[in-house]
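Input: a single structure, listed below in structure tokens.
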Ligand code: ZN
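Residue numbers (my numbering): 49 to 194.
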């Protein structure tokens, strides 16, 4: 199997069987984002414990890329520190802008399978939607703790 085909399979699997989907009672922060270009919607719910993710979930609808990407993001970020989340977010965006590639992307787990999306500029927003919602959650938490 070609690597690209394998990546396709992983994306389809996440889209069909999203990990950590559903809303989260008593979330410490949530953020909802729309991608009007494609009709995608992703809402991210975050519960924190001592500067780390205690639980992360998402709810949404839209194209396979948007939902698979949110699923990959929630899987990757469980239990991680805020610092790590910012790093993942930056790296994911850099991947989409073609500023990072190769082995450095391994830390993104399944989300590195979305690298091919960078060739389709109209779909990049689909891939980044869930990640931007997570980043908004972190901003809200950081602002409220100030
Ligand atoms: Zn989309």
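We treat Cβ as the ideally placed atom computed from N, Cα and C, and that holds for glycine.
Closer than 8 Å to chain C by CB, residue i
{"i": "residue 93", "result": "As a matter of chain content, chain C is missing from the structure shown, which is built from one protein chain."}
DSSP-derived helix/strand/coil call for residue i
{"i": "residue 168", "result": "coil"}
{"i": "residue 134", "result": "helix"}
{"i": "residue 117", "result": "helix"}
{"i": "residue 192", "result": "helix"}
{"i": "residue 150", "result": "helix"}
Cβ distance (whole Å) where residue i is taken to contact residue j below 8 Å
{"i": "residue 133", "j": "residue 182", "result": "7 Å"}
{"i": "residue 165", "j": "residue 139", "result": "About 15 Å separates the two Cβ atoms, so there is no contact after all."}
Top-ranked residue by Cα proximity to residue i, from the options
{"i": "residue 190", "options": "98, 51 and 68", "result": "98"}
{"i": "residue 70", "options": "83, 108 and 62", "result": "108"}
{"i": "residue 52", "options": "170, 180 and 162", "result": "162"}
{"i": "residue 33", "options": "73, 82 and 117", "result": "Outside the modelled stretch of the chain, which goes from 49 to 194, sits residue 33, for which no answer is possible."}
{"i": "residue 96", "options": "170, 63, 65 and 76", "result": "76"}
{"i": "residue 82", "options": "188, 173 and 192", "result": "173"}
{"i": "residue 188", "options": "157, 61 and 93", "result": "93"}
{"i": "residue 122", "options": "153, 56, 151 and 157", "result": "157"}
Legend entry - Validate contact between the region 146 to 154 and the region 79 to 88 using beta carbons, cut 8 Å, 3 pairs: With a cut-off of 8 Å on Cβ pairs, the region 146 to 154 is not in contact with the region 79 to 88, counting fewer than three such pairs.
Inset, instruction - Taking 8 Å as the threshold, find out whether the region 106 to 114 comes into contact with the region 124 to 132 through three or more Cβ pairs. - result: No, the region 106 to 114 does not touch the region 124 to 132.
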